[in-house]
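S.K.: Okay, here's the structure, questions in a sec.
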Amino acid sequence: MSGPRDALATIVARVHDGAALLPGRAAPSAVPGVRTRLVCVDGPAGSGKSTLAARLAVALDAQVVHMDDLYEGWDAGPAGGARRLGSWVLGPLAAGRSGRYRRYDWADGAYAEAHDVPLAPVVVVEGCGAGARQVDPWATLLVWVEAPDAERLRRGLARDGQGERDHWLRWMADEAEFFAEHDVRRRAGVEVDGWGRLVRA
C-alpha cells in the first residue's frame, strides 16, 4: 500500500492533467461556463477527509468548502447539504460567478456568517454528501476516504465529546444509507484509507 505522499501526488496529478474525469462526463473545457476544477472528497465521518482536504488545499492552492457547514445539524442528514452545495456554490461557479454560502452553526442551531467561494482553478469540497450524484455535472474528481467504524467513532468522540455518542451513532447509520443510495465508493476515481494512504487509483 502506498503512503500519504503517493496519495496526494496521485490526486494532484489527476486534477492537473484531466485524467480524473468521472466516467461518462465531458471534459471541463467542453462544458459551457465551467472554469473551476472541482475535487470532491467524500467518505464516512471521522475517516480523515478534512485532513486530506487540508493537504490538497496547500498542494493545489485551493479553497476548501466543508460540507459540515452546509448541514442543518445532526438530524438533517447529508442530502440537504448536497442540495445547498449545488445551489449556493457549484451552480454559480459553473455560470462564471462566485459562490456564496452561510455557515450553519450546530451549537446555535442557526445560520451564521457568510463565506464567498470565488472562481479559481481548483476548489475542494470535503464531507459526507460531496459525492452525491447530483454533484457529478460539476465534479472533476471524486475521492473516497474510509477508516474502520470503531476508529472513526473513537476519533469523533475524542473531538466532540462522549456526550455526542448517540448523535454519532445515528449519523453513522444515516450516512451509510446515503452512501449506498449514491454508490459513492464505487464511483470514486481514487480511494484513500483513514491514514492518508493510497488504496486505489
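Numbered by my numbering, the letters in the sequence shown go through residues 67 to 267 in order.
Where is the CB? At the ideal position from N, CA and C, for every residue including glycine.
1) Thinking just about the alpha-carbon of each residue, which of Q129, R150 and A125 is nearest to the one in Y137?
2) Where does R163 sit, in a helix, a strand or coil, going by DSSP?
3) Would you report the Cα separation of C106 and G229, rounded to the nearest angstrom?
4) Which one of M133, D226, H248 and L219 has the shortest CA to CA distance from L235?
5) Helix, strand or coil: how does DSSP classify D232 here?
6) Would the beta-carbon of L207 fall within 8 Å of that of V81?
7) Going by DSSP, what residues sit across from L208 in a beta bridge?
8) What are the boundary residues of the alpha helix (DSSP H) that L151 is part of?
9) Could you spell out where the alpha helix (DSSP H) holding L156 opens and where it closes?
10) Could you tell me whether any non-hydrogen atom of the ligand GDP is closer than 7 Å to the CB of W261?
11) Thinking C-beta only, is L74 closer than 8 Å to H191?
12) Please report how far the alpha carbon of Q129 lies from the alpha carbon of R163, in whole angstroms.
13) Specify the secondary structure class of A198 as computed by DSSP and reduced to three states.
14) When DSSP labels each residue in this structure, what does D259 get in the three-state scheme?
15) Exposed or buried, which one is Y177 when buried takes at least 16 other CB atoms within 10 Å?
16) Excluding sequence positions up to five away, which residues of its chain have a Cβ less than 7 Å from the Cβ of V155?
17) Our contact map puts G275 next to G152 with C-beta atoms below 8 Å; I'd like the distance itself, whole angstroms only.
18) Between H248, F244, V211 and E247, which lies nearest to A119 when the distance is taken from Cα to Cα?
19) Excluding sequence positions up to five away, which residues of its chain have a Cβ less than 8 Å from the Cβ of T117?
20) Alpha carbon to alpha carbon, how far is D259 from L122? Give it in angstroms, no decimals.
21) Determine the closest residue to V201 out of R225, R253 and D83, with distance taken between C-alpha atoms.
22) In this structure, how does DSSP classify L264 when only helix, strand and coil are distinguished?
M.R.: From the atom records:
1) R150
2) coil
3) 30 Å
4) L219
5) helix
6) yes
7) C106
8) No alpha helix (DSSP H) contains L151, which DSSP labels as neither H nor E.
9) Per DSSP, L156 belongs to no alpha helix (DSSP H) and is neither H nor E.
10) With respect to the ligand GDP, the structure shown offers nothing to examine, as it has no ligands at all.
11) What sits at residue 191 in the sequence shown is Val, not His. No, the pair does not count as a contact, with Cβ atoms beyond the cut-off.
12) 15 Å
13) coil
14) strand
15) exposed
16) V131, G165, Y167 and V183
17) Beyond the ends of the chain as shown, which are 67 and 267, falls residue 275; an answer cannot be given.
18) V211
19) G262
20) 15 Å
21) R253
22) strand
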